[in-house]
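Residue numbers (our numbering): 82 to 934.
Notes follow the structure.
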Ligand SMILES: [Zn+2]
């Protein structure tokens, strides 16, 4: 007879709960095997004939149960589909306390989860979402929090780190046993181990908590920046939450092979190397921001996620949205000059792009199983969720929002919670209808476009769901509406004022608060809203005349909205190109970066081959003055604003316009830089210079970059030279790069990015696409224990913007479905179809617009 565990959607019954794990794990690093024993203390809410817990690819060698003063052996039934084992008992266990004692053997995985070889002789764990079960038999769902007392037996040499500080060590001859302090209650996905040759500088104590940052010994010099960030951020976060840091010590560890960006394991945070290590004298500002943001994100999780944990994966978004928002907010307060919210705005724009598809999902999605939990780690969960929290904070005000968060932290201390618990606490602290606002934004798919048309002092607003597919936009008004907290910026003479409106229905008319007839109105002040605005022609034209009175974030939002309307066939591309043309004199680097990125899309994806040189001349004309203003050499004490303005201009001229003189200058300076002259190339220019050198590069350049990839210690430079190998446009070298990708010369963690660069390379993509299809099964097997990376490979297919390729991609992915990437496949194909249609629809107009100039 079928057992409930013979179903991949099986969830553990709620009435058998673990309270404490006492486990011992013995690891054989050379044989890549381990064995373990553990005792789990349980509370039974009803009498039981069987106890069910998770175990995947573990061989159970012993299972005993103690209860009511008796001890008995259990019969073990393995249920592979749900990755559980059922311990069947000879007689029924009474309600109350019980314990199971288990012994098992297992193997390290070949991928990047469970206990895996993380490069450089290091073994590390990655358990989220549900891979603790590959190392320990356990109750592997986030709702089952319990304390962990862990002891690890390992060879004598390498360091052994876990969640708590070590509290004892036993000498076992050639091996040793390290005992760790008992943890506060944790869900299994936060338990962690790192064993291997890693090293840190002496700890810095922050309010009594020792903070350390680990890397391979040769990379120790690159740990200082991330260490400083953690030391600065820890007290800020303690003060914000009103709860002290709970995990006794804080270790950050860089791992040479890592699937995601970082993982917030309690007290032992693990990172991809590029997200933790850098040399401040050579790193770009973008790298510093990224490391600061990732470090802070993982620290925020120590409260939001680790101290109070989601009850089930359907509230994963709450963890990730909160950590995302908190990281940007904290880094912004720490380094005001970085204006890091503008970086968030770019990520948010990508989330809106995804959320305008029919195949999007609500922030709070139903999650039935582990594969679905894995797919939930996307832009909607992180960036849209973060943007919605930002919108709610903006609506409640900073102080009342923080009071609500503190209430939530106290009320659910060390326990589990659901989203409504947070909305309840925020509502209590603010006396505002937070639940209504939050649920509309988190439970409905998509977002609104707000049409805004002004006549004199009256602004007429109308909302409907926004779809980027013109056919969907025309057909499916869909009826969904949102409570939209709009903040208007009204231009009133020389000054501008803000005006708040909560748009509850489909339409509204607002009387603008201005002395006379306002000069303009911008309907998303500071660009904090997660909605688009479509202005009528006169209202838009008035904005175009007052761009200088808008904040940089608002100019970027305007570009982003207008571009989205072109995609949805609600605007002509000529109007967008006219608007771009107005930005030639733009001095703000963030806006410049944005406009360069958008013109790069036109150059790469839309323009006809015959018109490309004309477009390149247009881009060159637009930005030549920018580079003339900054020059190539950085002045002493130059500001970041100037450095990044130069970098945006060099990218526009070298990578989009492909001006030979700019390319030659960048490559010449790169060669001097590689030869050791660090002053030859300002540090924010290195990435673009490497890309230019690769595109034009010959075999000597290819071999030089390959050698640099092998010898470079700094992970960012190493990865940059590696990915550049996939960007060579010489056909023979493109073929060599493709061979490298499929001959496993590329590190596992970088495989998806490498394939993405191949498919974006005009000279490599046909060959790369053919090879991807012929080697699909092998690549899939290689990435089987790194499903996040397989999803990135699927997304990379979105670069093939031609109808013939779209049809091939539809046929191929239809014939090769992936359980772990169903959503990614649907979204990639929907987006690709729209991109192909956009290209076919706009190509002629772009040519005519260029010819008319
Ligand atoms: Zn996170």
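Glycine included, each C-beta is placed from N, C-alpha and C at the ideal position.
Taking C-beta atoms as the reference points, residue 290 and residue 321 fail to come closer than 7 Å. The chain-ordered list of residues whose CB is nearer than 5 Å to some heavy atom of ligand 1 reads 401, 404. Comparing alpha-carbon positions, the option among 619, 454, 376 lying closest to residue 308 turns out to be 376.
Counting C-beta atoms within 10 angstroms of its own C-beta, residue 882 has 16 or more neighbours from the protein chains shown and is therefore classed as buried. By the Cβ test, the segment 763 to 773 is in contact with the segment 732 to 742, since at least three Cβ pairs between them sit closer than 8 Å.
By the 16-neighbour rule on beta-carbons within 10 angstroms, residue 162 is exposed. Just so you know, the alpha carbons of residue 684 and residue 815 end up roughly 21 Å apart.
Contact annotation: residue 930 and residue 658 have beta-carbon atoms nearer than 7 Å. Taking the Cβ atoms as the reference, residue 744 lies roughly 14 Å from residue 779, outside the contact range of under 8 Å.
In this structure, residue 833 and residue 880 do not form a Cβ contact; the two beta carbons are roughly 13 Å apart against a cut-off of 8 Å.
Beta-bridge annotation (DSSP): residue 185 is paired with 117, 141. The beta-bridge partner set that DSSP reports for residue 390 consists of 497. Under the three-pair Cβ rule at 8 Å, the segment 795 to 805 counts as touching the segment 346 to 356.
Annotation for residue 99: 121, 123, 220, 225, 227 place their beta carbon closer than 6 Å to its own, counting only its chain and skipping 5 residues before and after. Under a 10 Å Cβ-count criterion, residue 154 is classified as exposed, with fewer than 16 other Cβ atoms of the shown protein chains found around its own Cβ. Per the coordinates, the alpha-carbon of residue 696 lies some 29 Å from the alpha-carbon of residue 802. The bridge partners DSSP lists for residue 108 are 115.
Given a length threshold of 3 residues, each whole run of the beta strand (DSSP E) inside the segment 611 to 654 is given here in chain order: 613 to 616. Beta-bridge partners of residue 135 (DSSP): 165, 219. In its chain, beyond the 5 residues on either side, 355, 831 have a beta carbon closer than 7 Å to the beta carbon of residue 800. For residue 787, the uninterrupted alpha helix (DSSP H) segment begins and ends at 780 to 792. The three-state reading of DSSP puts residue 865 in coil, since its state is none of H, G, I, E or B. Of all alpha-carbon atoms in 858, 809, 157, the one lying nearest the alpha-carbon of residue 840 is that of 809. Close CB contacts of residue 631 within its chain, under the 8 Å cut and outside five residues either way in sequence, are with 570, 603, 624, 639 (chain order). For residue 222, the closest C-alpha among the options 762, 136, 523 is that of 136. A direct Cα-Cα distance of roughly 11 Å separates residue 517 from residue 565. Here the alpha carbon of residue 88 sits roughly 15 Å from the alpha carbon of residue 448.
DSSP links residue 583 through a beta bridge to 566.
Taking a C-beta distance under 7 Å as the contact criterion, residue 928 and residue 689 qualify as a contact pair. Between residue 428 and residue 474, the C-beta gap is not smaller than 7 Å, which leaves the two residues out of contact.
Secondary structure remark: continuous beta strand (DSSP E) runs of at least 3 residues inside the segment 242 to 322, in chain order: 247 to 253, 256 to 261, 274 to 277, 285 to 287, 290 to 296. With 16 or more other Cβ atoms inside 10 Å of its own Cβ, residue 535 counts as buried.
In the three-state DSSP reduction, residue 826 falls in the coil class, being neither helix nor strand. At the C-beta level, residue 923 and residue 878 stay beyond 7 Å of one another.
For the pair residue 612 and residue 528, the CB atoms are nearer than the 7 Å cut-off. Fewer than three Cβ pairs drawn from the segment 248 to 256 and the segment 192 to 201 lie within less than 8 Å of each other, which leaves the two stretches out of contact.
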